[in-house]
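Take the position in the sequence shown, starting the count at 1, then add 66; the result is the number in this note's numbering.
Beneath this line is the structure, given in structure tokens, with notes to follow.
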Amino acid sequence: MTPSVDYHMHTPLCGHAQGEPREYVEHALKIGLKEIGFSDHAPLVSHRDPTITMDFDELPKYYAMIEEVQKKYPQFTIKMGIEADFIPGYEQKTKEILADYPYDYVIGSIHFIGKWGFDDPAQREGWQAHDINEVYRDYYELLCQSAQSQLFDIMAHVDLVKKFGHRPTEDMTPEIKKTAKVFKECGVAVEINSSGLRKPVAEMYPAKSALQIYCDAGVPLTFGSDSHLPTDVGRDFDKALAMARAVGYKEHLVFKRRKVERKVKF
Ligand code: ZN
Ligand code: FE
Ligand code: FE
Ligand code: ZN
Numbered sequence: 067m068t069p070s071v072d073y074h075m076h077t078p079l080c081g082h083a084q085g086e087p088r089e090y091v092e093h094a095l096k097i098g099l100k101e102i103g104f105s106d107h108a109p110l111v112s113h114r115d116p117t118i119t120m121d122f123d124e125l126p127k128y129y130a131m132i133e134e135v136q137k138k139y140p141q142f143t144i145k146m147g148i149e150a151d152f153i154p155g156y157e158q159k160t161k162e163i164l165a166d167y168p169y170d171y172v173i174g175s176i177h178f179i180g181k182w183g184f185d186d187p188a189q190r191e192g193w194q195a196h197d198i199n200e201v202y203r204d205y206y207e208l209l210c211q212s213a214q215s216q217l218f219d220i221m222a223h224v225d226l227v228k229k230f231g232h233r234p235t236e237d238m239t240p241e242i243k244k245t246a247k248v249f250k251e252c253g254v255a256v257e258i259n260s261s262g263l264r265k266p267v268a269e270m271y272p273a274k275s276a277l278q279i280y281c282d283a284g285v286p287l288t289f290g291s292d293s294h295l296p297t298d299v300g301r302d303f304d305k306a307l308a309m310a311r312a313v314g315y316k317e318h319l320v321f322k323r324r325k326v327e328r329k330v331k332f
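What follows is the structure in structure tokens.
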């Protein structure tokens, strides 16, 4: 058995994903998922980069693309989500973008520390100029701030800083515990994001030890493959479910119009 809902997948509008939404849906049906949600990269509020996110004027096209597959597959539940970057100082602008459409859920992400896109392969050399422990501490601080911003329902890939395999020499457990506490207080969910297995680090986001901390803190859960390719939909969800169960999770959330629609036991 695998989780039946995948809430994290992209479209070609972000400039680095392939395949039409229809192909993502077809793959989901083929592997027996019960529900999916698209969550393409929302326009960046701080600068423009067509290789990372869609542009402001592409948002209507995004809604139209997803509405089209919703109509094409009326028997299958397809949610309209979005993945938005948290960039301190741009909360109001982010809020305005997210108010543009009645999304089913909004996934919050940290891909930038200051102006540095730490997970962008094109900016990988930036790691040389940074202290790894400091990057991790800054990252967890930004995660806390994004939950506190109340802009998001789910936080994405909550240890993305490990993507290229950079490991802190200091124990980050206190930072993770603080982050989990803030998530719980602010009412945001955490996702198990299986895309980490396909990255240099070759590990789930978050690591099992971190997921244990989120579970112990009472933070609710969603599953996401972070597919940028149709065939990655639902990928490694058997491993994701095993990890969720191993740390004590018993259910995941289903969202509708930015509210918890129901909880699915597993
Ligand atoms: Zn992406
Ligand atoms: Fe992301
Ligand atoms: Fe994503
Ligand atoms: Zn992502």
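Just so it is clear, CB atoms sit at the ideal spot from N, CA and C, and this is done for glycine as well.
Only a predicted model underlies this, so the values are computations on that prediction, with no experimental measurement involved.
Whether residue i touches residue j by CB criterion (8 angstroms)
i	j	result
K250	G290	no
D151	F122	no
V227	A276	no
D72	R324	no
A108	E134	no
Y139	L79	no
Check: residue i C-beta below 7 angstroms from any heavy atom of ligand 3
i	result
E149	yes
D292	yes
A222	yes
Whole-angstrom C-beta distance between residue j and residue i, which should lie under 8 angstroms
i	j	result
H74	E327	About 17 angstroms; that fails the 8 angstroms criterion.
A165	I220	A165 to I220, Cβ: 18 angstroms. No contact.
L333	L287	Missing from the structure shown is residue 333; the chain here goes from 67 to 332 and no further.
heavy atom of ligand 1 below 7 angstroms from residue i C-beta
i	result
H318	no
H74	no
H113	no
H107	yes
beta-carbon residue i near ligand 2 non-hydrogen atom, thresh 7 angstroms
i	result
H82	no
S275	no
S260	no
S212	no
H177	yes
Closer than 8 angstroms to chain C by CB, residue i
i	result
H107	The structure shown contains no chain C, having only a single protein chain.
Strand pairing of residue i, partner residues [DSSP]
i	result
I312	Here residue 312 is Ala; the residue named in the question, Ile, does not match the sequence. Looking at the DSSP assignment, A312 forms no beta bridge with any residue, so it has no partner.
N337	The chain is shown only over 67 to 332; residue 337 falls outside these bounds and no answer can be derived.
(request) Decide if the segment 292-302 is in contact with the segment 193-205; the criterion is three or more beta carbon pairs, one per stretch, under 8 angstroms apart. (result) No, the segment 292-302 does not touch the segment 193-205.
(message) Across the segment 212-219 and the segment 138-146, are there enough close Cβ pairs to call them in contact, namely three or more that are closer than 8 angstroms?
(response) Counting Cβ pairs under 8 angstroms, fewer than three are found: no touch.
(request) Count the C-beta pairs between the segment 303-314 and the segment 82-93 that are closer than 8 angstroms, then say yes if the count reaches three, no if not. (result) Here the segment 303-314 does not lie against the segment 82-93, with fewer than 3 beta-carbon pairs under 8 angstroms apart.
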